[in-house]
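Enquirer:
Chains as they are written, first to last, in our numbering: chain G, 1 to 451; chain Y, 1001 to 1155.
1. Rounded to a whole number of angstroms, what is the C-alpha to C-alpha distance between residue 315 of chain G and residue 329 of chain G?
2. Below 8 Å on C-beta distance, what does residue 416 of chain G contact in chain Y?
3. Ends of the alpha helix (DSSP H) at residue 22 of chain G?
4. With C-beta atoms as the reference, is residue 473 of chain G less than 8 Å away from residue 155 of chain G?
5. For residue 363 of chain G, go through chain Y and note every residue whose CB falls closer than 8 Å to its CB, in chain order.
6. In angstroms with no decimal places, state the Cα-to-Cα distance between residue 60 of chain G and residue 346 of chain G.
7. Across the segment 77–87 of chain G and the segment 371–378 of chain G, are there enough close Cβ pairs to call them in contact, namely three or more that are closer than 8 Å?
8. Give the secondary structure of residue 283 of chain G by DSSP, where H, G and I count as helix, E and B as strand, and everything else as coil.
9. Could you tell me which residues DSSP pairs with residue 220 of chain G in its beta bridges?
10. Starting from the Cα of residue 318 of chain G, find the closest Cα among G:53, G:158, G:35 and G:106 and give me that residue.
11. For residue 116 of chain G, which three-state DSSP category applies?
12. Could you spell out where the alpha helix (DSSP H) holding residue 73 of chain G opens and where it closes?
13. For the 8 Å Cβ check, are there 3 or more pairs between the segment 295–307 of chain G and the segment 334–354 of chain G?
14. Please report whether the beta-carbon of residue 1116 of chain Y lies at a distance below 8 Å from any beta-carbon of chain G.
15. Between residue 1145 of chain Y and chain G, is there a C-beta pair that is closer than 8 Å?
16. To the nearest angstrom, report how far apart residue 222 of chain G and residue 118 of chain G are at their CA atoms.
17. Quick check on residue 81 of chain G: does DSSP put it in helix, strand or coil?
18. Residues of chain Y with a CB under 8 Å from the CB of residue 48 of chain G: which are they?
19. So, is residue 142 of chain G buried or exposed, given that buried needs 16 or more other C-beta atoms within 10 angstroms?
20. Tell me, please, whether the segment 1135–1151 of chain Y touches the segment 1075–1088 of chain Y by the rule of three or more beta-carbon pairs shorter than 8 Å.
21. State the start and end residues of the unbroken alpha helix (DSSP H) segment that holds residue 256 of chain G.
22. I'd like to know whether the C-beta of residue 1063 of chain Y is nearer than 8 Å to at least one C-beta of chain G.
23. In whole angstroms, what is the alpha-carbon distance linking residue 407 of chain G and residue 349 of chain G?
24. Does the beta carbon of residue 373 of chain G come closer than 8 Å to any beta carbon on chain Y?
25. Applying a beta-carbon distance threshold of less than 8 Å, which residues of chain Y neighbour residue 40 of chain G?
26. Kindly list the residues whose CB is nearer than 7 Å to the CB of residue 331 of chain G, restricted to its own chain and excluding five residues on each side of it in sequence; keep chain order.
27. Tell me whether residue 1119 of chain Y is buried or exposed, calling it buried when 16 or more other Cβ atoms sit within 10 Å of its Cβ.
28. Tell me whether residue 346 of chain G sits in a helix, a strand or coil according to DSSP, three-state version.
29. Run through chain Y and tell me which residues come within less than 9 Å of residue 281 of chain G, C-beta to C-beta.
30. Under 7 Å between beta-carbons, which chain G residues line up against residue 1004 of chain Y? List them in chain order, please.
31. So, at 7 Å on beta carbons, what are the nonlocal neighbours of residue 1115 of chain Y in its own chain, with the 5 sequence-adjacent residues on each side left out?
32. What residues in its chain sit with their C-beta under 7 Å from that of residue 439 of chain G, if we drop five residues either side in the sequence?
33. Please tell me whether residue 209 of chain G and residue 168 of chain G are closer than 8 Å, where the distance is taken between their beta carbons.
34. So which of G:203, G:140, G:212 and G:226 has the shortest CA-CA distance to residue 184 of chain G?
35. Please classify residue 437 of chain G as buried or exposed, where buried requires at least 16 neighbouring CB atoms within 10 angstroms.
36. Tell me whether residue 1148 of chain Y sits in a helix, a strand or coil according to DSSP, three-state version.
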């Protein structure tokens, strides 16, 4: 067991602020590793110390393992929190931390490998008894025909080293299969340095439901589900906990499958098992596991009353889980809306710039996680997430109306945001019924653009 | 500065007293709570600057984009439509869209400005010949900066 007294936060934006908040509450010293573009950021103003790790360009700063480790050593930290994105699931960083005697707040290198490679993750899921989407690996393009016999059309070609919505192609017509496979392989090589692809049945109507797990290397518990079916181009926009309109059996089966998977891996830390719910067949399939804290973690925190960053630090110190499964209480319903710096009516064109004023909703059941205040810059080098507005109430219906109220008090001047888009969706009749699948939001956007 | 829970506590007291607004201002931190219809909004400001370490071990220099004196740029300037990273080719390793001396049409894509992971194609805007490329591949350009100069074809 190793007490963590000083942490290097190797990330930026709202998650850096989020991690610092918990560390401050726990009395842990914070050192921020920031690029030149983020030296005046909210996280930098909050941290006990800020180290500049390079120029704005991510490859030379946030994605640079050597520089991040150099900063961790310079600041003599006990631990490193990698946040999400960037190097959060990078085996080289986790390994370098281990070599330097720095606790990596996340799973082990082996576990990152076990789920980072999508094929290995699939094999592990099957070994753990979890249903996977019918499919298989493609050793040579010619093998595709044999696989298709099991899978059928449409088929999804996925990059083995992809993830997070990248490196996927849908094939509807048999005569396109070979050329799409070749294209997918060359794109995978270019984007991920690994040309391997595999095939999966494309589930035409699916809900993206994920299960939050927390484990200590021996034991694992689940903290309920989240529904993330509102996506645009595989990027999540709205998330909620728990996933609505699921039968109790289906829900409990998903919980168990996720816990079994974590136990099968002797998983340590926070993780999310992403599942695809096949609405037509009332079954679920393993998609991937994210071995890090996720953007949407607040909706789980609201519903289970835990601080997930604190739980990460707790198990990273080598302590056993504080809670048994039967002690986990899920109550009410939470929804999160991601406020992005974009002109959503101009084809979602990004809107970087300087914020003149930032007023956010506040009150009972309302929470805002942000990295901006008046004067903050939203730089063009990184993602467009400006704030997350989260509400929690005792029912989904109340949560929806609380969110509408909250969004009306959200006013950000100086950049364009998608706040109005969220407000419209929260008032939408179909969304109000709950349980829409991933095809819904693109249709919703299409209908809006036709008006 | 206040935690989220602390702000909610302050709000409860302020609301219970029947106030519509609350201002808190110190050297380090400012907070404004404003009643808005059924709900409230909050604006907070952490004024304290970052405590930057002078770690010499990191030994870093700022990247400098090749700056151009705009008044000296001849011909028509292709301007960056938004701030971002200037790329000369569609993807790494691919040939550049244009080189100096190439002929272009009005809608020829001459470069990309990448902003928040999205690629924005930039067109020539005039018919003519590329006379100068002002930025290095992969460097940052402010909105409106002149990226490429084109000698317009005489009518």
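By construction, the Cβ of each residue, glycine as well, lies at the ideal position given by its N, Cα and C atoms.
Expert: Per the coordinate set shown:
1. Roughly 20 Å separates the two Cα atoms.
2. Going along chain Y, no residue has its Cβ under 8 Å from residue 416 of chain G, so there is no contact; the nearest lies around 11 Å.
3. First-last of the alpha helix (DSSP H) with residue 22 of chain G: 13–26.
4. Look at the range of chain G in this structure, 1 to 451, and you will see that residue 473 of chain G is not part of it.
5. Those are 1008, 1011, 1039 and 1040, listed as they occur along chain Y.
6. Their backbone Cα atoms lie some 31 Å apart in a straight line.
7. no
8. strand
9. Per DSSP, G:215.
10. Each of G:53, G:158, G:35 and G:106 was checked against the Cα of residue 318 of chain G, and the nearest Cα belongs to G:106.
11. Residue 116 of chain G: helix per DSSP, three-state reduction.
12. 65–74
13. yes
14. yes
15. no
16. Whole-angstrom Cα-Cα distance: 22 Å.
17. strand
18. 1051
19. exposed
20. yes
21. 248–264
22. At residue 1063 of chain Y, the pLDDT of 37 sits below 50, so the modelled position is not reliable; the number obtained from the coordinates is stated separately. With a threshold of 8 Å between beta carbons, residue 1063 of chain Y makes contact with chain G.
23. 21 Å
24. yes
25. One finds 1049 and 1050 in chain Y with Cβ atoms closer than 8 Å to the Cβ of residue 40 of chain G, taken in chain order.
26. Within its own chain, the residues whose Cβ lies closer than 7 Å to the Cβ of residue 331 of chain G, once the five positions on either side in sequence are excluded, are 303, listed in chain order.
27. exposed
28. In the three-state reduction of the DSSP assignment, residue 346 of chain G falls in the coil class, being assigned neither a helical nor a strand state.
29. None at all; the shortest Cβ gap to chain Y is about 35 Å.
30. 367
31. 1082, 1083 and 1084
32. Hits under 7 Å: 205.
33. no
34. G:140
35. buried
36. strand
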